[in-house]
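> In the numbering used here, the protein residues as written are 26 to 215. In this text, a Cβ means the ideal position worked out from N, Cα and C, and glycines have one as well. Just so we're clear, the structure is a prediction, and the values are computed from it rather than from any experiment.
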Amino acid sequence: EFRSGQGKWPTQKRRLGRKRKIEQDRLMVTPPLPFVFEHASNLKADPNQVFAFHLEPKNISLVSPSWIRVLSLESPERVAVGSKIQLRVLSMGIPQSWEVTIQEVESFSGNPGRAHILDVAQKSPFPLWRHRHEFWAAPDGSTGLVDRIEFLPPGGFLGKLALPIIYCFFGILFRARHEATKKVFASRQG
């Protein structure tokens, strides 16, 4: 036993409960926070029509840029909560498989000013992928369209080093998708 002032340390060390400590550490580990990318634009189109367009997975190929080719698509004609989409694409010559589940669908009837669709990937090039499509009804009858992506880059630490490239890629991709969506609705009106 150690007593103050004697200058002697105990010879027997107390054992720390290693197993218990490891279990506590496992419980205390928090998952990494996702990175976020957003792209917004305004479409001169009826918000309900833009929302309905996004409920139909077949339209993915209409808004995909030329350097992303849809090879196969398995999905319902119109998505709802719980719908599954399986997609194979060729992105810049690299084949990719995606499996996503629609987790949320909120139409304008629930809130006349906005609607959204949330899809979450179970299989994708990214360890975490949550894609929220937001639709805002503007006072002039146009639609605010926002794509919000929460993701973790592939490749762990090396993937984090590639974040500037990933953000650049997302910027180019979603600008192209929004422009293609604008063209689809311009051709319907005009």
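1. What are the complete alpha helix (DSSP H) segments, minimum 4 residues, inside the stretch 92-154?
2. Let me check one thing: in DSSP terms, what residues is Glu175 bridge-paired to?
3. Between which residues of its own chain and Ser86 is the CB-CB distance below 6 Å, once the five residues before and five after are set aside?
4. Mapping the DSSP letters down to three states, classify Ser66 as helix, strand or coil.
5. Would you grab the beta carbon distance between Pro179 and Phe133 for me? Rounded to a whole angstrom, and I think it's under 8 Å.
6. How would you label Phe176, buried or exposed, when you count the other beta carbons within 10 angstroms and need 16 or more for buried?
7. Select from Asn84, Ser116, Ser108 and Ser100 the residue whose C-alpha is nearest the C-alpha of Trp92.
8. Flag this pair as touching only if the stretch 157-167 and the stretch 183-191 have three or more C-beta atom pairs under 8 Å; answer yes or no.
9. State the DSSP-derived secondary structure class of Gly169, mapped to helix, strand or coil.
The answer reads as follows:
1. none
2. Val61 and Arg155
3. Val95
4. strand
5. The pair is not a contact, with the Cβ atoms about 35 Å apart (cut-off 8 Å).
6. buried
7. Ser116
8. no
9. strand
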